[in-house]
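Written below as structure tokens is the structure these notes are about.
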């Protein structure tokens, strides 16, 4: 049976990036201007335009790229623990997190208070991803996935938790990717594998700023630039030689990697770059725990 592929979390990440890029120039104008009613109205109108425009643009992308296949009556597809072992669910979580975070940043730049911005940012993320799941429900190839909905909501909830409990910000979701042999062999195997569903090349991590979590007495003994990461990936779910679908095995990993936020330099532009790079897990040594225990000199 042909496994059902989920729509990509990359679209949610693209929307979040658009929100953050729009928030930056608004925030740069200074919060003191928020005392002006006219300024608040203008920035909130701009923020609303971005939310609506991002939604419309990504809906059109999905309509052309993902919803152009055979339609069906609405149906539910419970796809826990499928061929790609829930690897896509981590992508949905990451997408929900960044949508909520980007939405919060845009709302704060539009003079909305931090708590209200965090709540409405999470609500926007949940609503944005819910509509995608509903439209998936009318596609014969996908179906409405309750598992995706849970992962989406968890991502938005994580962002909301970061606001409510500042100490939890020491642990963030990160991502790394290395193209698989199956994707390189697409032309030879006639597989329809694409980077967005090249799940075996994707690794989703939870990366901890250990230095932030340690008690003061222990901080001198930990290199502050290093963070400890726990990752989830899978073995091949597409046979690189034949293009046939196979049931993957889960890979659980431990790794020490660099936290870009701890790099020297404090210029606002450089801080923004460091904060963005913090969500990428750079290549580093890793310990694979499952499906077999082995050390990996340079994990990408």
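Numbering (the numbering used here), first residue to last: 175 to 474. Ideal Cβ placement from N, Cα and C applies to all residues, glycine included.
(request) Since I believe residue 399 is in contact with residue 371 (beta carbons under 8 Å), could you give me their beta-carbon distance rounded to a whole number of angstroms? (result) Here the question's residue 371 lines up with position 197 in the chain shown. Here the question's residue 399 lines up with position 225 in the chain shown. By a beta-carbon distance limit of 8 Å, residue 371 does not contact residue 399. Their separation comes to about 34 Å.
(message) Is the separation between the beta-carbon of residue 465 and that of residue 423 shorter than 7 Å?
(response) One-based indexing of the chain shown puts residue 465 at position 291. One-based indexing of the chain shown puts residue 423 at position 249. Taking 7 Å as the Cβ cut-off, residue 465 and residue 423 qualify as a contacting pair.
(message) What does the alpha-carbon distance come out to for the pair residue 350 and residue 426?
(response) Numbered from its first residue, the chain shown carries residue 350 at position 176. Numbered from its first residue, the chain shown carries residue 426 at position 252. Rounded to the nearest angstrom, the gap between the Cα atoms of residue 350 and residue 426 is 14 Å.
(message) Can you tell me whether residue 340 is helix, strand or coil according to DSSP?
(response) Along the chain shown, read from residue 1 onward, the residue named residue 340 stands at position 166. Three-state DSSP puts residue 340 in a helix.
(message) Going by C-alpha to C-alpha distance, which of 324, 453, 336, 470 sits closest to residue 459?
(response) Locating residue 459 in the chain shown gives position 285, where the first residue counts as 1. Shortest Cα-Cα distance from residue 459 to any of 324, 453, 336, 470 involves 470.
(message) Suppose you measure from the CA of residue 306 to the CA of residue 396; what does that come to, to the nearest Å?
(response) Indexing the chain shown from 1 puts residue 306 at position 132. Indexing the chain shown from 1 puts residue 396 at position 222. Their backbone Cα atoms lie some 43 Å apart in a straight line.
(message) Less than 7 Å between the C-beta atoms of residue 284 and residue 217, yes or no?
(response) On the chain shown, residue 284 is found 110 positions in, with the first residue counted as 1. On the chain shown, residue 217 is found 43 positions in, with the first residue counted as 1. Taking the C-beta atoms as reference points, residue 217 is found nearer than 7 Å to residue 284.
(request) Measure how close the beta-carbons of residue 271 and residue 330 come, nearest whole angstrom, since I'm counting them as under 8 Å. (result) The residue you call residue 271 lines up with position 97 of the chain shown. The residue you call residue 330 lines up with position 156 of the chain shown. With 8 Å as the limit, residue 271 and residue 330 qualify as a contact, their Cβ atoms being about 7 Å apart.
(message) I'd like to know if the segment 344-358 and the segment 376-390 are in contact, where contact means that at least 3 CB-CB pairs between them fall below 8 Å.
(response) Put simply, the segment 344-358 touches the segment 376-390. At least three CB pairs are less than 8 Å apart.
(message) Contact defined as beta carbons within less than 8 Å: I believe residue 383 pairs with residue 401. What is the distance between those atoms, to the nearest angstrom?
(response) Along the chain shown, read from residue 1 onward, the residue named residue 383 stands at position 209. Along the chain shown, read from residue 1 onward, the residue named residue 401 stands at position 227. Right, their Cβ atoms sit about 5 Å apart.
(request) Out of 442, 430, 461, state which residue places its alpha-carbon closest to the alpha-carbon of residue 455. (result) The residue given as residue 455 occupies position 281 in the chain shown. Closest by alpha carbon: 430.
(request) Could you check if residue 411 is buried or exposed, using at least 16 other CB atoms within 10 Å of its CB as the buried criterion? (result) Mapped onto the chain shown, residue 411 falls at position 237. Taking every protein chain shown into account, the CB of residue 411 has 16 or more other CB atoms within 10 angstroms, so this residue is buried.
(request) Check the DSSP bridge columns for residue 460 and list the partner residues they point to. (result) Mapped onto the chain shown, residue 460 falls at position 286. Under DSSP, residue 460 forms a beta bridge with 429, 470.
(message) Quick check on residue 309: does DSSP put it in helix, strand or coil?
(response) Position 135 of the chain shown holds residue 309. Residue state, collapsed to three classes: helix.
(message) Just list the residues that DSSP pairs residue 257 with in beta bridges.
(response) Here the question's residue 257 lines up with position 83 in the chain shown. DSSP, once it has assigned bridges, lists no residue as partnering residue 257.
(message) Here's a check: name, in chain order, each residue in its chain whose Cβ is nearer than 6 Å to the Cβ of residue 472, leaving out the five neighbours to either side.
(response) Counting from one through the chain shown, the residue named residue 472 turns up at place 298. Result list for residue 472: 457, in chain order.
(request) May I ask you to verify whether the segment 355-366 touches the segment 310-327, counting CB pairs closer than 8 Å and requiring at least 3? (result) Too few Cβ pairs lie closer than 8 Å, so no.
(message) Going by C-alpha to C-alpha distance, which of 292, 408, 294, 212 sits closest to residue 255?
(response) Position 81 of the chain shown holds residue 255. Nearest C-alpha to residue 255: 408.
(message) For residue 354 and residue 340, I'd like the C-alpha separation in whole angstroms.
(response) By 1-based counting over the chain shown, the position of residue 354 is 180. By 1-based counting over the chain shown, the position of residue 340 is 166. Each residue's Cα considered, the two are about 37 Å apart.
(message) I need the DSSP call for residue 382, collapsed to helix, strand or coil.
(response) Walking along the chain shown from the start, residue 382 turns up at place 208. Looking at residue 382 - three-state DSSP - the assignment turns out to be strand.
(request) Mind checking who residue 405 pairs with in its DSSP beta bridge? (result) Here residue 405 is taken as the residue at index 231 of the chain shown, counted from 1. When DSSP reads this structure, residue 405 sits in a beta bridge with 379, 427.
(message) My assumption, with CB atoms under 8 Å, is that residue 295 sits in contact with residue 277. Please give the rounded CB distance.
(response) Within the chain shown, the letter at position 121 stands for residue 295. Within the chain shown, the letter at position 103 stands for residue 277. The Cβ separation is near 3 Å, so the contact holds.
(request) Can you check DSSP and say which residues form a bridge with residue 400? (result) One-based indexing of the chain shown puts residue 400 at position 226. DSSP, once it has assigned bridges, lists 432 as partnering residue 400.
(message) I'd like to check one pair, residue 336 with residue 342: are the Cβ atoms closer than 7 Å?
(response) Reading the chain shown from its first residue, position 168 is the one you call residue 342. Reading the chain shown from its first residue, position 162 is the one you call residue 336. Cβ distance < 7 Å, so residue 342 and residue 336 count as in contact.
(request) Give the DSSP bridge partners of residue 115, in chain order. (result) It is not possible to answer for residue 115, since the shown part of the chain is limited to 175 through 474.
(request) Indicate the three-state DSSP secondary structure (helix, strand or coil) for residue 414 in the structure shown. (result) The sequence position of residue 414 within the chain shown is 240, counting from 1. If DSSP states are grouped into helix, strand and coil, residue 414 belongs with coil.
(message) For residue 208, which residues in the same chain have their Cβ closer than 7 Å to its Cβ, ignoring the five residues on either side in sequence?
(response) Walking along the chain shown from the start, residue 208 turns up at place 34. Its chain contains 214, 285 as the residues whose beta carbon lies nearer than 7 Å to that of residue 208, once the 5 sequence neighbours on both sides are disregarded; these appear in chain order.
(request) Closer than 8 Å by C-beta to residue 252: which residues in its own chain qualify, once you throw out the five before and the five after it? Chain order, please. (result) Locating residue 252 in the chain shown gives position 78, where the first residue counts as 1. Excluding residues within five positions, the ones whose Cβ falls inside 8 Å are 319, 320, 321.
(request) Could you pull the start and end residues of the alpha helix (DSSP H) that residue 442 belongs to? (result) Position 268 of the chain shown holds residue 442. That run of the alpha helix (DSSP H) goes 442-451.
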